[in-house]
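Just so we're aligned, residue 1 is where the sequence shown starts under the UniProt record's numbering, counting upward by one.
What follows is one structure encoded as structure tokens, with my remarks underneath.
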Amino acid sequence: MEWRKEVIINRNLTIARSTLIILIILTFLFGDKWLLFILLTAVILLFIHHAYFSVLGRDLHLENDKEITRMNIGDEGAWLFTFKNKGVPIVKGSLNIAFDDCIEPTTYPYVKNRSFLEISIPFKAWTNEQVEVRIPFSAVKRGISHIYKFEIKVNHLFGSGAIILNYNGIIKKKKLVYPNRKIVHSLKEPSVLFHGYQDVRNSLFFDPLQPVGTREYIKGDSFQHIHWKATARMQQLQTKVFPHSGARHWLLILNISEGHSINRDLEELISYTAFLIEHAVKENIPFAVAINIRTHSDIPYFYLSEGEGRIQRQKAFEILSMLSIHSFPFPPHLMLKDIEKRDSSVPIVIYIGNQNTASNNVLLSLKMKKTTIFELENVNGQGVMKEWSQVPCKRSG
């Protein structure tokens, strides 16, 4: 069954039924034909009433295709639901829905219950009618909005109770609201100390297989880098010019914890991380993301493998949207140790969040392996990124 039916019966209706039966018997034995006719009519109406509600919703179908809508704060959208009713008509009904409060309806009144919003809107569907319900909303904060309650309530014709049709399945529609991007100052390109194939102006390495031009020979240039055709044409020794290249991918490490709890500045940390991700995509920098929230996978914390471009940004923003004060943190120093064990050749690490002595020790170990490490600090309400250096740590994490 697509709908689970819940019946609410007023006690007075049960008493009225019993009273009618007694009156019919007495009238039949002693009384008035007109009174008997009226009473029988009332019984027939009650029977029709009962029969109608017993089949209500039996052939009502909700289209429940999977749908994910990705939005930014301030964007507008709508919940869209399509019903097909092949059964008895539904009148005097109401559609009641509850969902997460990262979005707010703009045309219907709602009631807030903790982190959920509940709305109730009129609903009717005649036989063989297709009904579309549209609930406009505005994205107001970062998060994911699922639908937790989806029911149709139909009151009895005589006001003697109601039938509630609860949808049995899980509504497959959800809305993802991406975090704000809060600017991070002092972004600068570090010297690249690892071989790679990306175009990096300040790299210590170059790609000998892809010359981009020539220049005049300088004493000390390698003999194998002389461009003989250009030399013959210019009648002067010419040396090949190669593009600087290296590995400059980022590893963004977000520590959401503060001691044994969630960092009170979680929203700001997420906004800074989102800005760095946006910057990496804009500058064509591959990046990976590690966040110390517990998972049930082989890696006990969240880890997004290295990638680049809009698809990588989408994956990263989705997990940032899911973070909340109810997330279970994983010890940050254990996450760092595992990262070091898995890949000790990370060119650039950007650490976001609180630090403690244990995490600093692992960062120092990475730095000794030529990893360039930056840390992000909140200075007077603004994000500032600077090169990390080990100092006596007063921050907890």
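Ideal placement from N, C-alpha and C gives every residue a C-beta, glycine not left out.
### Message
Rounded to whole angstroms, what is the Cα-Cα separation between L204 and V384?
### Response
The residue you call residue 204 lines up with position 204 of the sequence shown. The residue you call residue 384 lines up with position 384 of the sequence shown. Bear in mind that the predicted position of L204 carries a pLDDT of just 38, short of 50, making it too unreliable to give a figure here.
### Query
T371 to A274, Cα distance in whole Å?
For the purposes of this step, residue 371 is taken as residue 371 along the sequence shown, with counting starting at 1. For the purposes of this step, residue 274 is taken as residue 274 along the sequence shown, with counting starting at 1. Taking the Cα positions, T371 is about 22 Å away from A274.
### Message
Looking at the secondary structure, which residues open and close the beta strand (DSSP E) in which T372 lies?
### Response
In the sequence shown, residue 372 corresponds to position 372, counting from 1. Where T372 is concerned, the enclosing beta strand (DSSP E) stretches over T372 to V379.
### Task
Out of D100, G93 and T127, state which residue places its alpha-carbon closest to the alpha-carbon of S120.
To locate residue 120, count along the sequence shown from 1; it is residue 120. The closest CA to that of S120, considering only D100, G93 and T127, is found on G93.
### Task
Return helix, strand or coil for E6, following the three-state DSSP convention.
By one-based count along the sequence shown, residue 6 stands at place 6. Strand, per DSSP.
### Message
Per DSSP, what are the beta-bridge partners of V154 in this structure?
### Response
Looking up residue 154 in the sequence shown gives position 154. Note: V154 is bridge-paired with G93 and I163 in the DSSP secondary-structure output.
### Query
Buried or exposed: which applies to R233, given that a residue is buried once 16 or more other Cβ atoms fall within 10 Å of its Cβ?
Within the sequence shown, the letter at position 233 stands for residue 233. By the 10 Å Cβ count, R233 comes out exposed.
### Query
N354 lies in the beta strand (DSSP E); which residues open and close that run?
In the sequence shown, residue 354 corresponds to position 354, counting from 1. Counting along the chain, N354 falls outside any beta strand (DSSP E), and DSSP gives it neither H nor E.
### Query
Is the beta carbon of K86 less than 8 Å from the beta carbon of D59?
To locate residue 86, count along the sequence shown from 1; it is residue 86. To locate residue 59, count along the sequence shown from 1; it is residue 59. A Cβ-Cβ contact shorter than 8 Å links K86 with D59.
### Task
Assign G309 to one of three DSSP states: helix, strand, or coil.
In the sequence shown, the residue the question calls residue 309 occupies position 309. Helix, per DSSP.
### Pairwise C-alpha distance: L80 and L52
Position 52 of the sequence shown, counted from the first residue, corresponds to residue 52. Position 80 of the sequence shown, counted from the first residue, corresponds to residue 80. Position check: residue 52 holds Tyr in this sequence, whereas Leu was assumed. Computed Cα separation, rounded: 28 Å.
### Task
Give the DSSP bridge partners of Y110, in chain order.
Numbered from 1 along the sequence shown, position 110 holds the residue referred to as residue 110. Residue pairing by DSSP places Y110 opposite no residue, since no beta bridge is assigned to it.
### Message
With H, G and I counted as helix, E and B as strand and the rest as coil, what does DSSP make of M385?
### Response
Position 385 of the sequence shown holds residue 385. Note: M385 maps to strand in three-state DSSP.
### Message
Any heavy atom of the ligand MN inside 7 Å of the beta-carbon of K149?
### Response
As for the ligand MN, it is missing from this structure, which has no ligand bound.
### Message
Let's see if you can read the secondary structure: which residues bound the alpha helix (DSSP H) around I121?
### Response
For the purposes of this step, residue 121 is identified with residue 121 of the sequence shown, where counting begins at 1. DSSP places I121 outside any alpha helix (DSSP H); the residue lies instead in the beta strand (DSSP E), whose first and last residues are F116 to A125.
#### Entry: Spatial distance of D343 from L269 (CA atoms)
In the sequence shown, the residue the question calls residue 343 occupies position 343. In the sequence shown, the residue the question calls residue 269 occupies position 269. Going from the Cα of D343 to the Cα of L269 covers about 25 Å.
### Query
Start and end of the beta strand (DSSP E) containing K84?
Position 84 of the sequence shown, counting from 1, holds the residue named residue 84. K84 -> beta strand (DSSP E) spans E76 to N85.
### Message
Beta-carbon within less than 8 Å of S321's beta-carbon, same chain only, minus the 5 sequence neighbours each way: which residues are those?
### Response
What you label residue 321 is simply residue 321 of the sequence shown in a count that begins at 1. Excluding sequence neighbours, S321 sits near R142, G143, I144, L176, V177, Y178 and P179.
### Query
By a C-beta neighbour count over all protein chains shown, 10 Å radius and 16 as the cutoff for buried, is I90 buried or exposed?
The residue labelled residue 90 in the question sits at position 90 within the sequence shown. Buried, by the Cβ-count rule.
### Query
Grouping DSSP H, G and I as helix and E and B as strand, with all else coil, what is D298?
Against the sequence shown, residue 298 aligns to sequence position 298. Three-state result, D298: coil.
### Task
Measure the alpha-carbon distance for H50 versus Y110 and round it to whole angstroms.
By one-based count along the sequence shown, residue 50 stands at place 50. By one-based count along the sequence shown, residue 110 stands at place 110. If you take the alpha carbons of H50 and Y110, they lie about 32 Å apart.
#### Entry: Cβ neighbour criterion (16 or more within 10 Å) applied to T41
Your numbering for residue 41 matches position 41 in the sequence shown. It is exposed - the Cβ of T41 has fewer than 16 other Cβ atoms within 10 Å.
#### Entry: With 16 other Cβ atoms within 10 Å as the buried cut-off, status of D126
Translated into the one-based positions of the sequence shown, residue 126 becomes position 126. The residue you asked about is not Asp; residue 126 is Trp in the sequence shown. Taking all protein chains shown into account, W126 has fewer than 16 neighbouring C-beta atoms within 10 Å of its C-beta and is therefore exposed.
### Query
In terms of DSSP beta bridges, what is Y303 paired with?
For the purposes of this step, residue 303 is identified with residue 303 of the sequence shown, where counting begins at 1. DSSP, once it has assigned bridges, lists A290 as partnering Y303.
### Query
What do you reckon, are the CB atoms on I73 and A162 nearer than 8 Å?
Counting from one through the sequence shown, the residue named residue 73 turns up at place 73. Counting from one through the sequence shown, the residue named residue 162 turns up at place 162. No; because the gap between Cβ atoms is not below 8 Å, this pair is not in contact.
### Query
With DSSP run on the structure shown, which of helix, strand or coil describes N360?
Here residue 360 is taken as the residue at index 360 of the sequence shown, counted from 1. For N360, the three-state secondary structure derived from DSSP is helix.
### Query
By DSSP, does P329 sit in helix, in strand, or in coil?
Looking up residue 329 in the sequence shown gives position 329. Residue state, collapsed to three classes: strand.
### Task
Answer with buried or exposed for G353, where buried requires no fewer than 16 other C-beta atoms within 10 angstroms of its C-beta.
Here residue 353 refers to the residue found at position 353 when the sequence shown is read from its first residue. With 16 or more other Cβ atoms inside 10 Å of its own Cβ, G353 counts as buried.
### Query
Between I293 and S327, which are expected to be in contact by the criterion C-beta below 8 Å, what is the C-beta distance as a whole number of angstroms?
Taking the first residue of the sequence shown as 1, we reach residue 293 at position 293. Taking the first residue of the sequence shown as 1, we reach residue 327 at position 327. Between I293 and S327 the beta-carbon gap is near 5 Å, inside 8 Å, which marks them as a contact.
### Message
Output needed for D100: all residues of its chain with C-beta closer than 7 Å, excluding positions within five of it in sequence on either side, in chain order.
### Response
Looking up residue 100 in the sequence shown gives position 100. Here the set comprises S115, F116, G143, I144, S145 and H146.
### Delimiting residues of the beta strand (DSSP E) encompassing L254
For the purposes of this step, residue 254 is taken as the residue at position 254 of the sequence shown. Residues W250 to L254.
### Query
Just the Cα atoms here: how many angstroms apart are R70 and S54?
As a first step, residue 70 is located in the sequence shown; it is residue number 70 there, counting from the start. As a first step, residue 54 is located in the sequence shown; it is residue number 54 there, counting from the start. Taking the straight line joining both Cα atoms gives about 41 Å.
### Buried or exposed (CB count within 10 angstroms, at least 16 for buried), S186
Counting from one through the sequence shown, the residue named residue 186 turns up at place 186. Classification for S186: exposed.
### Query
Does DSSP put I144 in a helix, a strand or coil?
For the purposes of this step, residue 144 is taken as residue 144 along the sequence shown, with counting starting at 1. Secondary structure of I144 (DSSP, three-state): strand.
### Query
What did DSSP end up calling S186 once you bin it into helix, strand or coil?
Translated into positions along the sequence shown, residue 186 becomes position 186. Reduced to three states, the DSSP call for S186 is coil.
### Task
With DSSP as the reference, please indicate the residues paired to S257 in a beta bridge.
For the purposes of this step, residue 257 is taken as residue 257 along the sequence shown, with counting starting at 1. S257 is bridged by DSSP to I262.
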